[in-house]
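Keeping their order, the protein sequence lines are chains A and B.
Oh and the first sequence: position 142 is 142 in the working numbering, straight run, nothing missing.
To convert a position in the second sequence, counted from 1, into the working numbering, add 145.
Every residue gets a Cβ at the ideal spot worked out from N, C-alpha and C, and that includes glycine.
There are 2 protein chains.
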Amino acid sequence: MVIEKMQTDKISTFQQLCREKGLRVTPQRIEIFRALAASDDHPTAEKLHQRLVESLPTLSLDTVYRTLGTFSALGLINKVETIESQAHFEVSHAHHHHLICERCKKIIDFEWPQLDDTDLPHETQSLGRFDKKSLIVYGICRHCL
Amino acid sequence: MVIEKMQTDKISTFQQLCREKGLRVTPQRIEIFRALAASDDHPTAEKLHQRLVESLPTLSLDTVYRTLGTFSALGLINKVETIESQAHFEVSHAHHHHLICERCKKIIDFEWPQLDDTDLPHETQSLGRFDKKSLIVYGICRHCL
DNA sequence: CACTAAATAAGAATAATTCTTATAAAAGAA
DNA sequence: TTCTTTTATAAGAATTATTCTTATTTAGTG
Ligand SMILES: [Mn+2]
Ligand SMILES: [Mn+2]
Ligand SMILES: [Zn+2]
Ligand SMILES: [Zn+2]
């Protein structure tokens, strides 16, 4: 119930934002956003498409890619960096970092405000203006241990 | 001169390691390793190939990919994680992190031993056994500022 | 030198992503 | 609502990045 409400809120905030940015609110965009927001993993475009064709049988994979690109440009979602060939996505939320299991490739969120608040080492100052920290920690998840 | 010596050392260490691992020392492997070790950027397979065809005109792109894969499996080189489509590579050296310029996409190394030595937040303990930290910091390099 | 296993070149194949174009449908106006 | 304009979509073609297949070459070894 609370969860459903959160979902509804997320969706209407999303629709709001689309209108502000001059983007049309299409069923495809709503469903793609909803599906990604409902994911607790970090799905690929392909995976999302697989999940969505159930409810939108004519949805094309291209639309998923195109829409994820649009959302990403708006900062609504993030492309998660990994060394894998397929890109992974997530709805933007509280800034966080990722654990990646080297065996099953699962991506797990965790927060580390202490790191976020720490300044980079002094010598980086001369290299440019850098800020957004994204930490990836590799290891083995508890299911694979 | 000192640099040349370092290079020679790197190459012979490399040859040593190949033999230990039962890998044949081929001109292609030597040159690919040399080219990557001589790079101060983080080239893609394609970029490396472009650089190498000058000295090895028959070198195939496939060999570059295959060889980088082999080296990577040995831990001799690293695939650098970015959200870009093409993979970037570097010869393994002192553990370090990366600054990525959002404008020119340049990848810049920096070290942060303090981060390396800091334990992850307590709540990650239950998620598995994670250790290898890889920090990417996004921003604008000084040339693009 | 001769043998054998491993590596390579070349091009075909595959996987991931993006592009092209004809059609559909949102948003806004009448 | 209906009409108009503009944007988004579906479908499949195209492109890009990477990997595979196979015939040939070569490193390592005796
Ligand atoms: Mn995440
Ligand atoms: Mn590096
Ligand atoms: Zn795992
Ligand atoms: Zn730059």
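State the Cα-Cα distance for the pair residue i and residue j, rounded to the nearest angstrom.
{"i": "Leu-197 of chain B", "j": "Glu-176 of chain B", "result": "7 Å"}
{"i": "Leu-204 of chain B", "j": "Ala-232 of chain B", "result": "19 Å"}
{"i": "Lys-155 of chain B", "j": "Pro-188 of chain B", "result": "19 Å"}
{"i": "Val-25 of chain A", "j": "Val-91 of chain A", "result": "17 Å"}
{"i": "Leu-272 of chain B", "j": "Phe-71 of chain A", "result": "30 Å"}
{"i": "Cys-286 of chain B", "j": "Leu-265 of chain B", "result": "28 Å"}
{"i": "Gln-195 of chain B", "j": "Asp-276 of chain B", "result": "36 Å"}
{"i": "Asp-261 of chain B", "j": "Lys-278 of chain B", "result": "7 Å"}
{"i": "Val-80 of chain A", "j": "Thr-67 of chain A", "result": "16 Å"}
{"i": "Thr-124 of chain A", "j": "His-243 of chain B", "result": "10 Å"}
{"i": "Arg-164 of chain B", "j": "Arg-179 of chain B", "result": "17 Å"}
{"i": "Leu-290 of chain B", "j": "Thr-208 of chain B", "result": "38 Å"}
{"i": "Lys-21 of chain A", "j": "Thr-118 of chain A", "result": "33 Å"}
{"i": "Ala-190 of chain B", "j": "His-241 of chain B", "result": "21 Å"}
According to DSSP, is residue i helix, strand or coil?
{"i": "Gly-220 of chain B", "result": "coil"}
{"i": "Glu-235 of chain B", "result": "strand"}
{"i": "Ile-253 of chain B", "result": "strand"}
{"i": "Val-209 of chain B", "result": "helix"}
{"i": "Thr-189 of chain B", "result": "strand"}
{"i": "Thr-269 of chain B", "result": "helix"}
{"i": "Thr-26 of chain A", "result": "coil"}
{"i": "Thr-158 of chain B", "result": "helix"}
{"i": "Thr-203 of chain B", "result": "coil"}
Between which two residues does the beta strand (DSSP E) holding residue i run?
{"i": "Leu-99 of chain A", "result": "97-101"}
{"i": "Lys-133 of chain A", "result": "128-141"}
Could you check which residue in the options has the C-alpha nearest to that of residue i?
{"i": "Ile-100 of chain A", "options": "A:His-93, A:Ala-35 and A:Phe-110", "result": "A:Phe-110"}
{"i": "Leu-170 of chain A", "options": "A:Ile-108, A:Gln-125, A:Ala-73 and A:His-143", "result": "Residue coverage of chain A in this structure runs from 1 to 145, which leaves residue 170 of chain A outside it and unanswerable."}
{"i": "Ala-94 of chain A", "options": "A:Ile-77, A:Lys-106 and A:Pro-57", "result": "A:Ile-77"}
{"i": "Ala-122 of chain A", "options": "B:Gly-214, B:Pro-258, B:Thr-263 and B:Arg-274", "result": "Contrary to the premise, residue 122 of chain A reads as His rather than Ala in this sequence. Comparing Cα-Cα distances from His-122 of chain A to each of B:Gly-214, B:Pro-258, B:Thr-263 and B:Arg-274, the minimum goes to B:Pro-258."}
{"i": "Glu-229 of chain B", "options": "B:Glu-247, B:Gly-214 and B:His-241", "result": "B:Glu-247"}
{"i": "Ala-37 of chain A", "options": "A:Thr-13, A:Arg-129, A:Tyr-138 and A:Lys-105", "result": "A:Thr-13"}
{"i": "Leu-56 of chain A", "options": "A:Arg-29, A:Gln-16 and A:Thr-82", "result": "A:Arg-29"}
{"i": "Leu-219 of chain B", "options": "B:Cys-249, B:Leu-168 and B:Thr-227", "result": "B:Leu-168"}
{"i": "Cys-104 of chain A", "options": "A:Phe-89, A:Pro-27 and A:Gly-139", "result": "A:Gly-139"}
{"i": "Tyr-210 of chain B", "options": "B:Lys-192, B:Glu-199 and B:Thr-227", "result": "B:Lys-192"}
{"i": "Asp-41 of chain A", "options": "A:Phe-89, A:Leu-17 and A:Leu-61", "result": "A:Phe-89"}
Please list the terminal residues of the continuous alpha helix (DSSP H) segment that includes residue i.
{"i": "Asp-116 of chain A", "result": "113-117"}
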